[in-house]
Amino acid sequence: MDVAAGCITTLTDGVVDDFALEPMSADGMTAFLAAVQQRLEVLRKAISLATLPLTWASQIQNLIAGIKNDLAMPAAYASALRGLTDLVGGGADDYELSDTARPRVVSRITSAARSSDTELTGVATTEGAVRRNLGQEDALRSRLLVTAAAQVALTDYRAEVDRDAALDSTVTAIDALLPGMPDATFQAAVTARAALIDALLAQDLRPAASRDVSAALPAVVLAYRLGVDESVFLARNAVRHPLFVKGRVHG
52 MDVAAGCITT
62 LTDGVVDDFA
72 LEPMSADGMT
82 AFLAAVQQRL
92 EVLRKAISLA
102 TLPLTWASQI
112 QNLIAGIKND
122 LAMPAAYASA
132 LRGLTDLVGG
142 GADDYELSDT
152 ARPRVVSRIT
162 SAARSSDTEL
172 TGVATTEGAV
182 RRNLGQEDAL
192 RSRLLVTAAA
202 QVALTDYRAE
212 VDRDAALDST
222 VTAIDALLPG
232 MPDATFQAAV
242 TARAALIDAL
252 LAQDLRPAAS
262 RDVSAALPAV
272 VLAYRLGVDE
282 SVFLARNAVR
292 HPLFVKGRVH
302 G
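Residue 52 is where the sequence shown starts when you use my numbering, and the numbers rise one by one after that.
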């Protein structure tokens with residue numbers, strides 16, 4: 052886990068170091084700011100749909116609102132956006148987000164990373180520097196969001212299905228971004244990808260026993276019979292009603 056976390060941090064450092072903007076005209080800057088604010092609004096909506104713990108979600112929303120004030124200063128914007136994605140990624144541990152909830156949150160984050168389409172008008176469609184700078188901002192935001200998703204995905208799981216869902220979403224998002232990365236960042240991303248896969252697949256989550264239950268029984272009884280903790284049983288079998296469990300179950 053520590054190796055993977057370190058690789059994700061190294062990738063994050065490289066992504067921030069890559070960010071730079073070209074000079075723009077006054078009208079170009081106005082168009083650039085408007086387009087980026089649209090993208091941040093997409094991110095804000097994605098966070099609201101992720102149903103995070105209230106305090107954590109509020110902190111993220113406040114940071115998104117504050118980031119808009121840093122758009123005119125590239126270094127400050129990159130630093131603020133990194134702070135935001137660090138909060139998104141690190142908050143999963145700080146707020147004890149369950150392993151069963153993480154695949155959903157990872158999916159929301161990676162979806163936000165892919166949502167870069169904005170409606171460009173006026174100078175934004177004609178000034179080359181604006182278009183190139185929007186490409187730079189898109190690369191920064193999407194790559195940082197993927198590092199946040201990787202941080203959320205990196206945890207101890209109780210069920211193979213949750214682990215695989217979080218890992219698949221993250222790896223797919225990384226793979227989609229690899230072609231556009233500079234060489235050093237590309238290598239850091241490949242290294243982080245491999246480390247994340249190694250860390251999560253090292254967890255032996257295959258059920259030691261399975262049983263077909265024809266008459267509904269409480270989860271606590273079945274967990275005892277299968278020799279696992281009730282929390283593990285609930286996660287591994289995606290139990291909806293702990294008092295009435297039937298069908299094929301895994302221990």
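Ideal Cβ positions, reconstructed from N, Cα and C, are used throughout, including at glycine.
Check whether the Cβ atoms of residue 180 and residue 75 lie closer than 8 Å to each other. yes
Note the first and the last residue of the continuous alpha helix (DSSP H) segment covering residue 96. 77 to 100
What is the rounded straight-line gap between the Cα of residue 177 and the Cα of residue 188? 18 Å
Return the chain-ordered ranges of every alpha helix (DSSP H) run that is complete within the stretch 152 to 208 and spans a minimum of 4 residues. 153 to 165, 174 to 177 and 179 to 204
Do the stretch 62 to 80 and the stretch 265 to 272 make contact, defined as three or more Cβ pairs closer than 8 Å? no
Which one of 266, 265 and 260 has the shortest CA to CA distance from residue 284? 260
Buried or exposed by the 16-neighbour rule on C-beta atoms within 10 Å, applied to residue 198: buried
Minimum length 3: unbroken beta strand (DSSP E) runs contained in the stretch 241 to 295: 261 to 268
Beta-bridge partners of residue 299, as assigned by DSSP: 263
Grab the span of the alpha helix (DSSP H) containing residue 123 for me, first residue to last. No alpha helix (DSSP H) contains residue 123, which DSSP labels as neither H nor E.
Residue 219, DSSP secondary structure in three states: helix
Report yes or no: do the stretch 285 to 302 and the stretch 208 to 225 share at least 3 C-beta pairs separated by less than 8 Å? yes
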